Amino acid sequence: MIAGLLTATVQFGALFAVMTVALNLQYARAGMINFGTVAYFAAGAYAYAIFTQDPPSGLDQYALGLGLSPFAGFIAAGIAAIVFALLTGWPTLRLRGEYLALTTFAFAEVLHSLLLNERSIGNGSVGLTNVERPADLMQGLGDNAQYALMATLLLIATVLLSRRLLTSPYGRLVDAVRDDEVAAEAVGRDVRRVRLEVFVLSALPIGFAGALYAMITTLVSPAMFTSEVTFFVWIALALGGERTILGAIVGTFALVFFQEVVRIVPFETVRGAQLAASLEEVVTGILFILVLRLRPWDRLKWRTAA
Amino acid sequence: MTLFLQYVVTGVATGAFLLLATLGFSLTRRVEGFLNIAHANLLGVSAFTTWGLNVPGGWPIVPAALAGILVTAVAGLIIGRIVYDPIRSYGPAILLITSVGVSYVLGGLMHAVIGTGIRTLDIPLASSIRFWGLRITDYQLLVICLAALTSIGLALFMSRTSTGLAIRAMSANPELAASRGIDVRRTSRATWLLSSGLAGLAGVMLAVIATLSTDIAFHQILQIIAVAILAGLGSLYAVIAAGLIVGIAMDVSVFWIPAGYRPLIAFAVVILVLLLKPNGLAGEKRT
Numbered sequence: 004m005i006a007g008l009l010t011a012t013v014q015f016g017a018l019f020a021v022m023t024v025a026l027n028l029q030y031a032r033a034g035m036i037n038f039g040t041v042a043y044f045a046a047g048a049y050a051y052a053i054f055t056q057d058p059p060s061g062l063d064q065y066a067l068g069l070g071l072s073p074f075a076g077f078i079a080a081g082i083a084a085i086v087f088a089l090l091t092g093w094p095t096l097r098l099r100g101e102y103l104a105l106t107t108f109a110f111a112e113v114l115h116s117l118l119l120n121e122r123s124i125g126n127g128s129v130g131l132t133n134v135e136r137p138a139d140l141m142q143g144l145g146d147n148a149q150y151a152l153m154a155t156l157l158l159i160a161t162v163l164l165s166r167r168l169l170t171s172p173y174g175r176l177v178d179a180v181r182d183d184e185v186a187a188e189a190v191g192r193d194v195r196r197v198r199l200e201v202f203v204l205s206a207l208p209i210g211f212a213g214a215l216y217a218m219i220t221t222l223v224s225p226a227m228f229t230s231e232v233t234f235f236v237w238i239a240l241a242l243g244g245e246r247t248i249l250g251a252i253v254g255t256f257a258l259v260f261f262q263e264v265v266r267i268v269p270f271e272t273v274r275g276a277q278l279a280a281s282l283e284e285v286v287t288g289i290l291f292i293l294v295l296r297l298r299p300w301d302r303l304k305w306r307t308a309a
Numbered sequence: 140m141t142l143f144l145q146y147v148v149t150g151v152a153t154g155a156f157l158l159l160a161t162l163g164f165s166l167t168r169r170v171e172g173f174l175n176i177a178h179a180n181l182l183g184v185s186a187f188t189t190w191g192l193n194v195p196g197g198w199p200i201v202p203a204a205l206a207g208i209l210v211t212a213v214a215g216l217i218i219g220r221i222v223y224d225p226i227r228s229y230g231p232a233i234l235l236i237t238s239v240g241v242s243y244v245l246g247g248l249m250h251a252v253i254g255t256g257i258r259t260l261d262i263p264l265a266s267s268i269r270f271w272g273l274r275i276t277d278y279q280l281l282v283i284c285l286a287a288l289t290s291i292g293l294a295l296f297m298s299r300t301s302t303g304l305a306i307r308a309m310s311a312n313p314e315l316a317a318s319r320g321i322d323v324r325r326t327s328r329a330t331w332l333l334s335s336g337l338a339g340l341a342g343v344m345l346a347v348i349a350t351l352s353t354d355i356a357f358h359q360i361l362q363i364i365a366v367a368i369l370a371g372l373g374s375l376y377a378v379i380a381a382g383l384i385v386g387i388a389m390d391v392s393v394f395w396i397p398a399g400y401r402p403l404i405a406f407a408v409v410i411l412v413l414l415l416k417p418n419g420l421a422g423e424k425r426t
């Protein structure tokens, strides 16, 4: 049981930490509040499923199942996230603070609504089932351990990308754009371009994480990609303290561990399980409020752009 | 043509409800200075308090509704004092994100107490009134009348009472208001009571016109935000106009596109308005 708990924590912890680290890049470094994280995640997951799914038959209502290899699906997931980031990022980058947050949130809801209503994309509310999994990459390793390993590798790659980007001169440009846009523009930097680049680059790992999530659950459906995912990542980021990559990762693992522990408690009745889920929501919310209020980390300096 | 006009009539009722739901949200935004995501959950608190007293409690609907509104107003005041007051200086972004946490807590509590499933109030079925080949239910008419009365009452309150004037002064310039001897804390408390009470009224109306489930309240938040943004987070009259525009747009859209996309119209409004006016319709300056 303990081993299962740990594997699940690593599996989902690493997966969601990819998103937290990417969000950290957008928010703490570039100063952009993105409340639509789930959209890039969903774009990746759906792209993976559509590329690897067999062509529709029988009662299937989706139009396209390409039946390609998981590898092609994985690449497609990254591209889908980038395309969606370009589509949503380009028009919204003039916006600041809470207005950017609202627009990205609205875009995510638009995508959610499309996936729900346009059955030809992903079978509507039923979703795509039996999503293809890559064959055993590592002999002798269990399925869950294998995905835990893959998620960890993706997390490491994301961290390296993020660090590489930000310790370079480019990182100082990103900081400059955040801290004083006018000054950055005055010395001839294209502020909008930098913001768009950060936006798109941080969407890429989120798309890959989406593909991995589809492999783990073998299902993609609109109900899996609600704004709750976005808020989950935000809570994890706040919990870990922003601006440090390690903080973002630790925060995510702590939150996932907490959820997995709740999940492991056996419940005799449906009502009991439901009660536990509700209380988990309450505790998560209280945690969120307290962390933001007490700010136990020195570095937790929230940007207050209106 | 009649069908089209029928959608417009339904849209006016939707707009009247949205207006009620947005008034308190807009007030909080102006006086407290942040977008309170948990405002939609307050609608739920009111709706389910009313339902709890009315159906399992056996109270008649009017006292149950009044109690629901009162409970919500007090709950909003308490949350405002405990959660938001101490972090007011942290800025609008952190207040906004904190309100997401509050929304989780309220939503979770509601799930825990009420559970899943669909519920309705113990009130007579709506009967419809027919005119010129169109029809409107008496409950829709009630929402429209209440929205009109509330708007007038709020306008009078804001312009005729000292508390209302203090709220307006604080929303215009908190520092100046404080330096001119306005009790900022008292005014802030009055605002929380008022805006949460308005959420309470909207919640009761939600319970009257719709069947209730615990997540229905949260689904209102994007429409509330859409109305508030379209109104430019500005004056009462702008909120009235925006509420009607979004409400009618949502219902009339069903004329051309599948009904499943009805909520999308609200998101489209948010996106369009912000793309055209990046700082909201009122064109506020960045702070």
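Going down the list, the sequences are from chains A and B.
Numbering-wise (the numbering used here), the first sequence opens with residue 4 and increments by one.
Numbering-wise (the numbering used here), the second sequence opens with residue 140 and increments by one.
No residue lacks a Cβ here, since even glycine has one placed at the ideal position from N, Cα and C.
No experiment lies behind these values; they were computed from the predicted model shown.
Exercise. Within the 8 angstroms Cβ cut-off, does residue 246(B) reach chain A?
Worked result: yes
Exercise. Within 10 angstroms of its Cβ, does residue 35(A) collect 16 or more other Cβ (buried), or is it exposed?
Worked result: buried
Exercise. Any Cβ of chain B within less than 8 angstroms of the Cβ of residue 292(A)?
Worked result: yes
For this session: Tell me whether residue 301(B) is buried or exposed, calling it buried when 16 or more other Cβ atoms sit within 10 Å of its Cβ.
Result: exposed
For this session: Put residue 285(B) into one of helix, strand or coil per three-state DSSP.
Result: helix
Exercise. When you compare only the Cα positions, how much space is there between residue 76(A) and residue 86(A)?
Worked result: 15 angstroms
Exercise. Per DSSP, what kind of secondary structure is residue 270(B) in: helix, strand or coil?
Worked result: strand
For this session: Compare the C-beta of residue 82(A) against all C-beta atoms of chain B and say whether one is closer than 8 angstroms.
Result: no
Exercise. Between the stretch 214-238 of chain B and chain A, which residues of the former have a C-beta closer than 7 angstroms to a C-beta of the latter?
Worked result: 222, 225, 226, 229, 230, 231, 232, 233, 235, 236 and 237
Exercise. Going along chain B, which residues have a C-beta under 9 angstroms from residue 135(A)?
Worked result: The premise fails here: residue 135(A) is roughly 29 angstroms from chain B at the closest Cβ pair, so nothing lies under 9 angstroms.
Exercise. If we count Cβ pairs, one from each stretch, closer than 8 angstroms, do we get three or more for the stretch 32-47 of chain A versus the stretch 255-268 of chain A?
Worked result: no
Exercise. With a Cβ-Cβ cutoff of 8 angstroms, do residue 48(A) and residue 155(A) count as a contact?
Worked result: no
For this session: Can you give me the Cβ contacts of residue 340(B) inside the same chain, cut-off strictly under 8 angstroms, excluding the 5 residues immediately before and after it?
Result: 159, 185, 208, 285 and 289
For this session: Run through the stretch 211-269 of chain B for me and flag every whole alpha helix (DSSP H) of 4 or more residues, listed as ranges in chain order.
Result: 231-253
Exercise. In this structure, does DSSP put residue 129(A) in helix, strand or coil?
Worked result: coil
Exercise. How many Å lie between residue 141(B) and residue 378(B) at the Cα?
Worked result: 28 angstroms
For this session: Could you please tell me which residues of the stretch 94-114 of chain A, in chain order, have their CB closer than 8 angstroms to any CB of chain B?
Result: 94, 95, 97, 98, 99, 100, 101, 102, 104, 105, 106, 108, 109, 110, 112 and 113
Exercise. Applying a beta-carbon distance threshold of less than 8 angstroms, which residues of chain B neighbour residue 284(A)?
Worked result: 243, 244, 246, 247 and 250
Problem set entry | Endpoints, alpha helix (DSSP H) assigned at residue 167(A) | 146-170
For this session: Assign residue 198(A) to buried or exposed, taking buried as 16 or more other Cβ atoms, counted over all protein chains shown, within 10 Å of its Cβ.
Result: buried
For this session: Could you work out which residues of chain B lie near residue 87(A), taking near to mean beta carbons separated by less than 7 angstroms?
Result: The premise fails here: residue 87(A) is roughly 14 angstroms from chain B at the closest Cβ pair, so nothing lies under 7 angstroms.
Exercise. Which residue from 305(B), 279(B) and 234(B) puts its Cα closest to that of residue 492(B)?
Worked result: This structure gives no information on residue 492(B), because the portion of chain B shown stretches from 140 to 426.
Exercise. Under 8 angstroms between the Cβ atoms of residue 231(B) and residue 100(A)?
Worked result: yes
Problem set entry | Extent of the continuous alpha helix (DSSP H) run through residue 311(B) | 301-311
Problem set entry | Proximal residues, the stretch 338-361 of chain B versus chain A, C-beta separation under 7 angstroms | 361
Exercise. How is residue 272(A) classed by DSSP in three states: helix, strand or coil?
Worked result: coil
For this session: Please list, in chain order, all residues of the same chain as residue 210(B) whose beta carbon is under 8 angstroms from its beta carbon, the five residues on each side excluded.
Result: 184, 185, 188 and 339
For this session: Quick one: using the 10 Å Cβ neighbour count with 16 as the cut-off for buried, is residue 284(A) buried or exposed?
Result: buried
For this session: From the DSSP output, in three-state form, read off residue 275(B) for me.
Result: strand
Exercise. Tell me the DSSP bridge mates of residue 222(A)?
Worked result: 132(A)
Exercise. At what residues does the alpha helix (DSSP H) containing residue 177(B) begin and finish?
Worked result: Where residue 177(B) is concerned, there is no enclosing alpha helix (DSSP H), given that its DSSP letter is neither H nor E.
For this session: Report the residues of the stretch 378-398 of chain B with a CB closer than 7 angstroms to any CB of chain A, ordered along the chain.
Result: 397
Exercise. Of the residues that make up the stretch 14-34 of chain A, which ones have a beta carbon closer than 8 angstroms to any beta carbon in chain B?
Worked result: none
Exercise. Is DSSP giving residue 148(B) helix, strand or coil here?
Worked result: helix
For this session: Name, going along the chain, the residues of the stretch 233-261 of chain A whose beta-carbon falls closer than 9 angstroms to a beta-carbon of chain B.
Result: 234, 237, 238 and 241
For this session: Consult DSSP for residue 278(A) and reduce its assignment to one of helix, strand or coil.
Result: helix
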